[in-house]
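Structure first, commentary second.
Chains as they are written, first to last, in the numbering used here: chain F, 799 to 912; chain R, 3 to 113.
What follows is the structure, given as structure tokens:
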């Protein structure tokens with residue numbers, strides 16, 4: 799299993815540009831999420847999905863869109879990039895519930911908005 | 003609103019010493035996670051704590067949970083340099099899958 803994969807690893811955007819961060823998992827997990835991590839802060843939830851066709855907002859959703867057309871893929875779209883969106887973005891999926899439930903993280907995408 | 007506070011936020015210690023990282027949270031939760039992050043890397047799951055009094059150990063790390071006090075601790079025994087990393091706790095909100103994260107504790111262990 800590849801686990802959770804993210805592309806690209808690094809990206810530089812100009813203010814106002816749009817782009818899509820890709821996330822895929824091959825573990826057949828229903829729940830997936832997107833976080834951003836800023837220096838000195840914990841992770842903040844942007845959007846999450848509990849299954850194909852179902853998405854919801856997290857703590858900091860403004861400026862981002864998501865869709866979930868398949869169980870495997872959960873792309874994050876930046877509509878019009880702003881310098882405040884400079885961050886490291888992590889995608890994660892959650893194994894099934896119960897005592898062994900845990901979140902698996904992708905390697906992250908470092909985004910710089912100029 | 004669920005808030006999670008970790009302390010200390012930064013810890014520099016010598017090899018061989020013991021220390022504890024604290025994670026306080028503000029409302030009822032049904033589980034608490036500890037993660038490790040190395041510089042420039044992703045997050046690695048260390049422990050999942052489900053119930054009051056839960057204690058889990060892996061090598062030199064031991065995590066415990068007191069749901070009545072809304073407190074979890076991560077204890078490091080006889081620290082070694084390889085444990086240098088940033089450690090995060092995250093608390094799952096009862097109502098949904100959302101995790102609320104602490105700010106992280108950056109741990110530096112000097113040889």
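All C-beta atoms in this analysis are idealised placements derived from N, C-alpha and C, irrespective of residue type, glycine included.
> Between the beta-carbon of residue 847(F) and the beta-carbon of residue 864(F), is there less than 8 Å?
Replying inline: What you label residue 847(F) is simply residue 49 of the first chain in a count that begins at 1. What you label residue 864(F) is simply residue 66 of the first chain in a count that begins at 1. Against a cut-off of 8 Å, the Cβ pair of residue 864(F) and residue 847(F) comes out as a contact.
Quiz item: Does any residue of chain R bring its CB to less than 8 Å from the CB of residue 825(F)?
Solution: Walking along the first chain from the start, residue 825(F) turns up at place 27. So, not an interface residue.
- Task: Spell out the partners DSSP gives residue 76(R) in its beta bridges.
- Result: Taking the first residue of the second chain as 1, we reach residue 76(R) at position 74. Per DSSP, 23(R) and 65(R).
Taking just the CA atoms, how far does residue 804(F) sit from residue 825(F)?
Here the question's residue 825(F) lines up with position 27 in the first chain. Here the question's residue 804(F) lines up with position 6 in the first chain. In a straight line, the C-alpha of residue 825(F) is about 14 Å away from that of residue 804(F).
>> I want to verify the contact list: residues of chain R whose CB lies under 8 Å from the CB of residue 849(F), in sequence order.
In response: Position 51 of the first chain holds residue 849(F). Ordered by position in chain R, no residue passes the 8 Å Cβ test against residue 849(F), which lies about 11 Å from the chain.
Any beta carbon of chain R sitting closer than 8 Å to that of residue 888(F)? For the purposes of this step, residue 888(F) is identified with residue 90 of the first chain, where counting begins at 1. Output row for residue 888(F): interface = yes.
Status (buried if at least 16 other CB within 10 Å, exposed otherwise) for residue 830(F)
To locate residue 830(F), count along the first chain from 1; it is residue 32. Residue 830(F) comes out buried.
Taking DSSP as the reference, what is the three-state secondary structure of residue 883(F)?
-> The residue given as residue 883(F) occupies position 85 in the first chain. Assigned with DSSP and collapsed to three states, residue 883(F) falls in helix.
- Starting from residue 905(F), find everything on chain R with Cβ-Cβ shorter than 9 Å and list it in chain order. Counted from its first residue, the first chain places residue 905(F) at position 107. In chain order: 43 and 44.
For residue 40(R), which three-state DSSP category applies?
Residue numbering aside, residue 40(R) sits at position 38 when the second chain is read from its first letter. Of the three classes helix, strand and coil, the one that applies to residue 40(R) here is coil, per DSSP.
Could you name the residues of chain R that residue 809(F) contacts, counting a contact when the two beta carbons are closer than 9 Å? Along the first chain, one-based indexing puts residue 809(F) at 11. Those do not exist, as residue 809(F) stays about 16 Å from chain R at its closest Cβ, beyond 9 Å.
Requested in this report: Go ahead and label residue 845(F) buried or exposed: buried means 16 or more other beta carbons lie within 10 angstroms of its beta carbon, across all protein chains shown.
Outcome: Indexing the first chain from 1 puts residue 845(F) at position 47. Classification for residue 845(F): buried.
Once the 5 residues before and after residue 7(R) are set aside, which same chain residues still bring their CB inside 6 Å of it? Within the second chain, numbered from 1, the residue matching residue 7(R) stands at position 5. 26.
| Whole-angstrom distance between residue 18(R) and residue 108(R), CA atom to CA atom | The count along the second chain starts at 1 and reaches residue 108(R) at position 106. The count along the second chain starts at 1 and reaches residue 18(R) at position 16. When rounded, the distance between both Cα atoms is 18 Å.
- For residue 103(R), decide whether its Cβ has a neighbour in chain F, counting only Cβ atoms nearer than 8 Å. Residue 103(R) sits at position 101 when you count from the first residue of the second chain. At least one chain F Cβ lies under 8 Å of residue 103(R).
*In three-state terms, what does DSSP make of residue 52(R)?*
Counted from its first residue, the second chain places residue 52(R) at position 50. Reduced to three states, the DSSP call for residue 52(R) is coil.
message: Strictly below 7 Å CB to CB, what residues from chain R border residue 841(F)?
response: Counted from its first residue, the first chain places residue 841(F) at position 43. Near residue 841(F) (Cβ distances below 7 Å), the residues of chain R are 103.
For this session: Say whether the segment 70-85 of chain R touches the segment 897-907 of chain F, bearing in mind that this needs 3 or more beta-carbon pairs closer than 8 Å, one atom from each stretch.
Result: No contact exists between the segment 70-85 of chain R and the segment 897-907 of chain F.
Report task. With distances taken Cα to Cα, identify the nearest neighbour of residue 83(R) among 65(R), 110(R), 47(R) and 70(R). Result -> The residue labelled residue 83(R) in the question sits at position 81 within the second chain. Ranking the options by Cα distance to residue 83(R), first place goes to 110(R).
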